[in-house]
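Data first, discussion second: the structure below is written as structure tokens.
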Amino acid sequence: MPTIDQTAAPSASHPGTRSTSLRSDDRHWGILAKTFHWGLALAILGNGGFGLVMDLAHGPMQKIQWLALHKSIGLTVLGLMLLRLAWRSLDRRPVATAPRWQQLAARATHATLYLLALAIPLTGWWFNSLAGKPLQWFKQFNLPALAMPGDALADTAHLVHKSLFLLLALVLVLHVGAALKHHVFDHDDVLRRMLPFGRPHAGRATTGEEP
9 MPTIDQTAAP SASHPGTRST SLRSDDRHWG ILAKTFHWGL ALAILGNGGF
59 GLVMDLAHGP MQKIQWLALH KSIGLTVLGL MLLRLAWRSL DRRPVATAPR
109 WQQLAARATH ATLYLLALAI PLTGWWFNSL AGKPLQWFKQ FNLPALAMPG
159 DALADTAHLV HKSLFLLLAL VLVLHVGAAL KHHVFDHDDV LRRMLPFGRP
209 HAGRATTGEE P
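Structural data, given as structure tokens:
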């Protein structure tokens, strides 16, 4: 009579284990989803903060170098956001069991963050075009202007670009607060399963939301 090998390693979707798959499953976010999540979060916040302290540059030449780096990172963020959205449309998501209102609130927050993450580099590109400045990606190639130069509108574009980043920072505070609320007060796996080395607790229900 055949026997079952009880020493076999658990699958990636088994409760209490950490996913090692690129794709997400019913209980875990996959490696690629986590990489997009944390990599883009660091890039957007770091580059946004970098832009806010641009005036601290020592002299005009350093400021030009800083601006070139700021713009190159912004273009990278734009490209990675498009890839993330493409992957999100193909990837699975953990099963959602949270109350309907929490799922709707989470989706609205994520949609807002995605729109802002796209709008910020695009308005930066728009501002750069109105200012009549060249746009290069890490000195590898030039990108076309999105508009004809215009000093009056350039000030407005810069204000919009900066304001959108501040709005994103505010929404991100709410996003992080909600994730911490799930972790500290609800004691569920919303935050844990998106952490790079996190794993859901065995037998604990998931909510299907992202941190």
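Counting from 9, one number per residue, gives the positions in the sequence shown under my numbering. Ideal placement from N, C-alpha and C gives every residue a C-beta, glycine not left out. Since the model is a prediction, treat every value here as computed from it, not as a measurement.
| Using a Cβ-Cβ cut-off of 6 Å (strictly less than) and excluding sequence neighbours within five positions of Pro-219, which residues of its own chain qualify? | Counting from 1 along the sequence shown, the entry for residue 219 is found at position 211. Model confidence at Pro-219 stands at a pLDDT of 48, short of 50, so the residue's coordinates are unreliable and nothing is read from them.
| query | Where in the stretch 22-86 do unbroken runs of the alpha helix (DSSP H), each at least 4 residues long, occur, reported from the N-terminal end onward? | reply | 39-60
| query | Rounded to whole angstroms, how far is the Cβ of Trp-74 from the Cβ of Met-62, which I believe are closer than 8 Å? | reply | Locating residue 74 in the sequence shown gives position 66, counting from the first residue. Locating residue 62 in the sequence shown gives position 54, counting from the first residue. About 6 Å separates the two Cβ atoms, so the contact holds.
| query | In the structure shown, what three-state DSSP assignment does Gln-144 receive? | reply | Here residue 144 refers to the residue found at position 136 when the sequence shown is read from its first residue. DSSP places Gln-144 in strand when its eight states are reduced to three.
| What number of angstroms, rounded off, separates the C-alpha of Phe-205 from the C-alpha of Trp-37? | Walking along the sequence shown from the start, residue 205 turns up at place 197. Walking along the sequence shown from the start, residue 37 turns up at place 29. Straight-line Cα distance between these residues: approximately 11 Å.
| request: Taking only the alpha-carbon atoms, compute the straight-line gap between Leu-30 and Leu-98 and give it to the nearest angstrom. | output: Counting from one through the sequence shown, the residue named residue 30 turns up at place 22. Counting from one through the sequence shown, the residue named residue 98 turns up at place 90. Roughly 12 Å separates the two Cα atoms.
| said: Counting beta carbon pairs with one atom in the stretch 163-177 and one in the stretch 40-58, are three or more of them shorter than 8 Å? | reply: yes
| task | Pull up the distance between the alpha-carbon of Ala-116 and that of Trp-109, whole angstroms please. | result | Indexing the sequence shown from 1 puts residue 116 at position 108. Indexing the sequence shown from 1 puts residue 109 at position 101. When rounded, the distance between both Cα atoms is 11 Å.
| said: Please list the terminal residues of the continuous alpha helix (DSSP H) segment that includes Asn-136. | reply: Taking the sequence shown and counting its residues from 1, the one referred to as residue 136 is at position 128. It spans 108-138 - the alpha helix (DSSP H) in which Asn-136 sits, taken as one unbroken run.
| query | Buried or exposed: Phe-193, going by 16 or more other Cβ atoms within 10 Å of its Cβ? | reply | Taking the sequence shown and counting its residues from 1, one reaches residue 193 at position 185. When all chains shown are included, Phe-193 counts as exposed.
| request: Please report the residue range of the alpha helix (DSSP H) in which Gly-185 lies. | output: Along the sequence shown, read from residue 1 onward, the residue named residue 185 stands at position 177. Run containing Gly-185: 159-189, per the alpha helix (DSSP H) assignment.
| message | Less than 8 Å between C-beta atoms, sequence neighbours within five positions excluded: which residues of the same chain meet that for Ala-76? | response | Sequence index remark: in the sequence shown, residue 76 carries index 68 (1-based). Gln-144 and Lys-147.
| task | Alpha carbon to alpha carbon, how far is Thr-84 from Leu-121? Give it in angstroms, no decimals. | result | The count along the sequence shown starts at 1 and reaches residue 121 at position 113. The count along the sequence shown starts at 1 and reaches residue 84 at position 76. Whole-angstrom Cα-Cα distance: 17 Å.
| message | Between the alpha carbons of Ala-160 and Asp-196, how many angstroms are there, rounded? | response | On the sequence shown, position 152 is the one that residue 160 refers to. On the sequence shown, position 188 is the one that residue 196 refers to. Distance between the alpha carbons of Ala-160 and Asp-196: 51 Å.
| query | What does a CB cutoff of less than 7 Å around Leu-138 pick up in its chain, not counting 5 residues either side in sequence? | reply | Translated into the one-based positions of the sequence shown, residue 138 becomes position 130. Excluding sequence neighbours, Leu-138 sits near Ala-155, Pro-157, Gly-158, Leu-161, Ala-162 and Ala-165.
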